[in-house]
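In full-length UniProt numbering, the protein residues as written are 1 to 82.
In this text, a Cβ means the ideal position worked out from N, Cα and C, and glycines have one as well.
What follows is a set of notes on a single structure, which appears directly below.
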């Protein structure tokens with residue numbers, strides 16, 4: 001693919017050539033392992049999630065309490081056979 005195109009980083013892989021697909025997949029896996037991509041991505045995601053939880057803790061606790069109450073109500077309804 002020519003350089004300078006918006007999608008020049010995306011490999012062109014034949015949808016019918018299985019060997020080409022396998023080679024691309026293995027190259028992708030190798031790159032992710034060498035760069036520790038999955039762990040780094042998970043760490044970044046966890047950082048954002050922790051910040052969001054910290055900023056919205058009281059609202060999230062209310063949602064959890066509501067869900068817990070709904071589960072308890074459902075358990076009682078099931079136990080009573082209604």
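Rounded to whole angstroms, what is the Cα-Cα separation between residue 1 and residue 12? Because residue 1 sits at a pLDDT of 47, beneath the cut-off of 50, its placement in the model cannot be relied upon, and the following sentence gives the value as read from the coordinates. Those two C-alpha atoms are separated by around 7 Å.
For residue 81, three-class secondary structure by DSSP: coil
Range of the contiguous alpha helix (DSSP H) that encloses residue 28: 18–35
In three-state DSSP terms, what is residue 76? Three-state result, residue 76: helix.
Nearest-angstrom Cα separation, counted from residue 54 out to residue 42: 18 Å
With H, G and I counted as helix, E and B as strand and the rest as coil, what does DSSP make of residue 71? helix
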